[in-house]
Structures are given as structure tokens and as C-alpha cells.
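Enquirer: I have a structure here, written as C-alpha cells, and I will follow up with some questions on it.
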Amino acid sequence: MNGYLKESNFMMVEEGFTTRDLLENLLVELCQANDQQAFFVADLGDIVKKHLLFLKALPRVKPYFPVKCNGSEGVIRLLAELGTGFACANKAELTRVQSLGVPADKIFYSSPCKQVAHIKHAASHGVQLMTFDNEVELSKVARSHPHARMLLGITADSCPAAHPMAFGTTLRSCRQLLETAKEQAVEVVGVSFHLGSCGLEPQAITQSVAAAQMAFEMGTELGYQMHLLDIGGGFPGTEDTRARFEEVTATINSALDLYFPEGCGVEVIATPGRFYVSSAFTLAASITAREEAPAEQPASDGRWDGRASCITSVMASTAPSAASCSTAPAPHLGCTRPCPELPLHSSSLWGPPGHPEDRIADGLELPELQVGEWLIFQDMGAYSTAAAPPAGWPQPHTTYAMSRLAWKTLQLLQGKPPQTEDERESICTPLSCGWEMAESLCVSPVCTPASI
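In UniProt numbering, the protein residues as written are 1 to 452.
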């Protein structure tokens with residue numbers, strides 16, 4: 001993290017200085033410079049808080065962050081220093097994390113469908129842990145990466161899939177795949193499943209862990225040294241889902257204790273993405289155009305449409321598909337109200353090109369905003385920064401911030417003791433202070449988020 005102090009987009013802030021304060025300062029600077037470009041503010045302390053919480057809630061589970069969720073350099077560097085692993089979906093993500101110093105043994109090539117060239121790249125760069133769920137994928141790996149360590153991707157037969165074509169083989173096919181792997185001299189070291197944010201129900205979790213235990217037995221019978229279980233991701237990560245997170249983790253712990261009790265020799269990993277970064281990022285976007293719908297237009301009632309400069313460049317490729325749980329969880333968007341006493345109007349929000357697919361949200365209750373005013377969106381850390389902007393639109397800049405308390409906590413996690421007596425007294429021991437530590441690292445919300 002010392003490198004961050006040299007970066008112009010990293011700020012160390014004092015306790016009590018919130019994301020809202022930083023946003024307002026940046027907006028003043030942009031307005032003075034007549035700059036309407038969208039930007040993110042990322043509270044790295046929030047990610048530190050989430051890491052502590054994850055380790056406390058799931059003490060047996062090692063997190064591997066999915067790079068596709070948020071591949072920004074600040075996030076990758078911080079998580080690497082926190083000791084997490086990384087789940088990569090392709091060659092570009094493998095290259096990115098390794099270029100930032102992540103060792104190969106901390107990388108999981110988690111995609112169930114891999115290009116042969118990408119498999120060869122992983123092999124030449126020492127990345128061994130991969131997954132498969134069919135004979136075609138198994139054959140590609142056998143030919144291109146003889147030293148791969150494979151996880152068999154499964155789906156519990158009785159679990160409802162969020163996607164009809166979800167990856168993962170059924171228990172009925174496991175033995176045949178394991179036998180084929182044996183014939184091709186492929187090393188299988190464990191099992192992987194992924195329920196996703198829509199499938200983390202108690203029954204589905206328990207059934208999936210039970211199915212994994214049965215697959216472990218099949219592998220052991222065939223002579224494999226089965227020792228690694230990947231329970232996937234989908235963990236909720238916003239403030240309003242805390243109770244949900246506690247329910248999910250309690251169910252996981254119970255299932256692990258039942259089917260993979262402590263001391264059985266099985267290492268457990270997970271791929272939490274949204275949980276780590278959703279609430280850490282806030283987006284500011286300016287209004288570049290507005291259109292008032294004619295009164296005679298059906299269902300318009302004389303209401304207006306607000307067009308925001310950067311939403312397409314950040315969200316158009318993801319927000320429309322995030323409207324239902326069948327694709328991705330809907331983001332929580334919080335819009336600031338410049339003057340609370342102004343009347344609200346039912347509004348729709350679009351990205352700059354103005355095509356039907358660039359509609360971001362309908363039915364937002366907003367005041368009559370003018371060109372040049374700004375909207376603030378909370379909980380924007382997951383699957384937003386990586387979205388490619390339209391041609392001609394720059395990627396929004398990210399300003400990273402961290403409080404001194406979070407910084408000191410990070411130093412402790414890295415085994416660096418505080419330098420003074422005051423510093424030692426100001427920090428509780430990580431992993432032993434629970435929600436109290438997590439709360440102390442949390443910044444005040446910019447505004448109350450509203451789901452759309």
C-alpha cells in the first residue's frame with residue numbers, strides 16, 4: 001500500500017471525513033474547471049471492513065476475489081495486500097493480476113469454458129488451479145496444461161438453477177467425468193459449485209455441499225487426493241443485506257460442519273465479489289441533456305426524462321440486464337436531491353446515445369434537474385467499473401480514499417505493528433472485534449439508496 005501514497009488518485013483522510021465530503025470537494029473542483037466527466041469515489045476502508053467481516057463470518061473459508069467484478073488497480077492491489085486470492089475468467093485477467101505482483105498460487109482460473117490459447121498462457125505462467133464440468137473442457141486441459149490441478153464443477157440435481165443452462169455437471173455424470181480424467185492423467189483435487197446471488201437459499205446451500213461431499217467420495221474411490229472445495233460466490237454486500245449475509249454464512253458453516261467437518265483435510269475457498277466491493281464505490285454523474293415528455297404522450301403526464309452523461313459509459317451494458325434476478329441483481333441507486341422542498345416527478349434515466357437499450361431506469365422520483373447538475377449513485381462497486389464505455393466516451397476516473405484507522409488496520413494485517421503507543425491503543429485486534437471493528441471503518445452514506 002505504500003505505493004498508493006505516491007498516486008495522485010489516492011487520498012488519506014482523517015476520521016470523520018466521509019465519502020460525501022470528498023465527493024463535494026471533487027465536484028467543486030470539477031465545476032470550477034468546467035469538467036462534467038463522471039467519476040467514482042472508492043472507499044478502500046470499506047473493503048478492509050468487508051474482508052474482516054468475511055473472515056469472521058466464515059473462518060474456514062479463504063476468499064478468492066473474482067476480477068470480473070471489479071478489476072480496478074486500487075482494488076486488486078488492496079486485496080492482494082490483504083492476502084486474498086483471485087478468480088480470473090480469461091487471459092486478460094490473469095495478465096492483469098500477475099502484472100500487479102499476485103503470485104500464481106493465489107490465482108484460480110475459474111471459467112468453465114476456456115480458450116486453448118488462454119489455457120496455454122496459464123500453463124506458461126504457473127497458474128494451475130482450474131475447473132471443468134464436461135469432457136470437452138477436460139480434453140482441452142489434458143492436451144494444453146499437463147500440470148493443471150482441476151476442480152470438478154457440479155450442480156445439485158434438486159437445486160433450482162438461476163440459469164437454465166447453468167454450468168456444472170450433475171452427480172449422475174460425476175463418476176464418468178472423473179474416470180475420463182483418470183484415463184487422461186488429469187489431476188482432480190476437488191469440487192466446485194456456484195449458486196450465485198439468486199440461489200443462496202438455505203436448502204440449496206445445504207444440498208450443494210452435500211452433493212460436493214458425494215462427489216468427493218467418488219473421486220477418493222478412484223484414487224484422487226480430494227482436498228479442495230470451492231463454494232462459489234453470490235454473497236450480498238450492501239448495508240441493507242447484513243441480515244441476509246448473516247443467514248447465508250450461518251447456513252454455510254452448518255453445512256460445512258456436517259459434511260466437511262474441521263480436521264477432515266479439506267480446504268474451502270469462495271469467490272465473493274459483490275460482497276467486497278459493492279458498497280465501496282460511489283458514482284457521480286452529471287446531466288448533459290433533458291427532455292420533457294409531451295402531455296399528450298401516453299402515460300407521460302407531462303413528466304420529463306433526465307439524461308446523465310456517464311451512465312451509459314458505466315452502466316448501459318449492465319444496468320438493463322440487471323433488472324431481474326435471472327441475469328444479475330439490480331443495483332441500488334441513490335440519487336441526491338439538491339433541494340428537498342422541490343416537487344418530484346416520475347423520471348427516466350438514459351445514457352448519452354439515447355438508444356432504447358441505453359435506458360437505465362424508469363419511474364425514478366426526481367426533482368426537475370437541469371443540465372450540469374449531478375446525480376450521486378451508491379453501491380456501484382460491482383460490475384460497473386469494468387463495463388466498456390461507448391466509442392468516444394472516456395472511462396470514469398476513480399479517486400481512492402482510506403481513513404487512517406483503516407490504514408493502521410491494514411498494517412496490522414500485514415504484520416506491521418503500530419509505531420507509537422497511541423496507535424497501538426487506537427486499534428483493536430483484527431478478527432476479534434466483529435461488527436464493532438467493521439462499523440468503525442464504515443463511512444456515512446451519501447443518501448438513502450433506493451432499489452430500481
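We put the CB at the ideal spot given by N, CA and C, even for glycine. All values derive from a computational prediction rather than experimental measurement.
Report yes or no: do three or more beta-carbon pairs, one from the segment 280 to 289 and one from the segment 222 to 231, lie closer than 8 Å?
Expert: They do not touch, by the three-pair rule.
Enquirer: Bridge partners for residue 377 per DSSP, in chain order?
Expert: Looking at the DSSP assignment, residue 377 forms a beta bridge with 283.
Enquirer: Ordered along the chain, which non-local residues of its own chain (more than five positions away) have a Cβ less than 7 Å from that of residue 127?
Expert: Cβ neighbours of residue 127 beyond the five flanking positions: 94, 104, 107, 109.
Enquirer: Entirely within the segment 217 to 283 and at least 3 residues each: give me those beta strand (DSSP E) ranges in chain order.
Expert: Counting whole runs of 3 or more residues, the segment 217 to 283 contains the beta strand (DSSP E) stretches 228 to 230, 267 to 270.
Enquirer: Could you tell me the distance, in whole angstroms, from the CA atom of residue 13 to the CA atom of residue 47?
Expert: Straight-line Cα distance between these residues: approximately 15 Å.
Enquirer: Using DSSP with H/G/I as helix, E/B as strand and the rest coil, what is residue 149?
Expert: In this structure, residue 149 counts as strand in the three-state DSSP scheme.
Enquirer: Output the distance between the C-alpha atoms of residue 140 and residue 195, rounded to the nearest integer angstrom.
Expert: Each residue's alpha carbon lies about 25 Å from the other.
Enquirer: Thinking C-alpha only, which one of 98, 138, 134, 26 is nearest residue 122?
Expert: Ranking 98, 138, 134, 26 by Cα distance to residue 122 puts 98 first.
Enquirer: According to DSSP, simplified to helix, strand and coil, what is residue 358?
Expert: Here residue 358 sits in helix by DSSP.
Enquirer: Use the C-beta contact count for residue 88: other C-beta atoms within 10 angstroms, 16 or more gives buried, fewer gives exposed.
Expert: By the 10 Å Cβ count, residue 88 comes out buried.
Enquirer: Note down, in chain order, each residue of its chain lying with its Cβ closer than 6 Å to the Cβ of residue 231, except the 5 sequence neighbours on either side.
Expert: 270, listed in sequence order.
Enquirer: Say whether the segment 54 to 63 touches the segment 246 to 258, bearing in mind that this needs 3 or more beta-carbon pairs closer than 8 Å, one atom from each stretch.
Expert: The answer is yes - the segment 246 to 258 touches the segment 54 to 63, with three or more Cβ pairs under 8 Å.
Enquirer: Measuring straight from C-alpha to C-alpha, what distance separates residue 183 and residue 384?
Expert: So the alpha carbons of these two residues sit roughly 43 Å apart.
Enquirer: Thinking just about the alpha-carbon of each residue, which of 404, 256, 290, 72 is nearest to the one in residue 202?
Expert: Checked all of 404, 256, 290, 72; the closest Cα to residue 202 is 256.
Enquirer: What are the boundary residues of the alpha helix (DSSP H) that includes residue 74?
Expert: From DSSP, the alpha helix (DSSP H) with residue 74 extends over 73 to 82.
Enquirer: Look up residue 88 in the DSSP assignment and say whether it is helix, strand or coil.
Expert: If DSSP states are grouped into helix, strand and coil, residue 88 belongs with the strands.
Enquirer: What's the call for residue 309, buried or exposed, on a 16-neighbour Cβ count within 10 Å?
Expert: Any reading at residue 309 is ruled out, since the residue's pLDDT is 42, under 50, leaving its predicted position unreliable.
Enquirer: Residue 127 by DSSP, collapsed to three states: which one?
Expert: The answer is coil: DSSP assigns residue 127 none of H, G, I, E or B.
Enquirer: When burial is assigned at 16 or more other CB atoms within 10 Å of the CB, is residue 16 buried or exposed?
Expert: Residue 16 comes out exposed.
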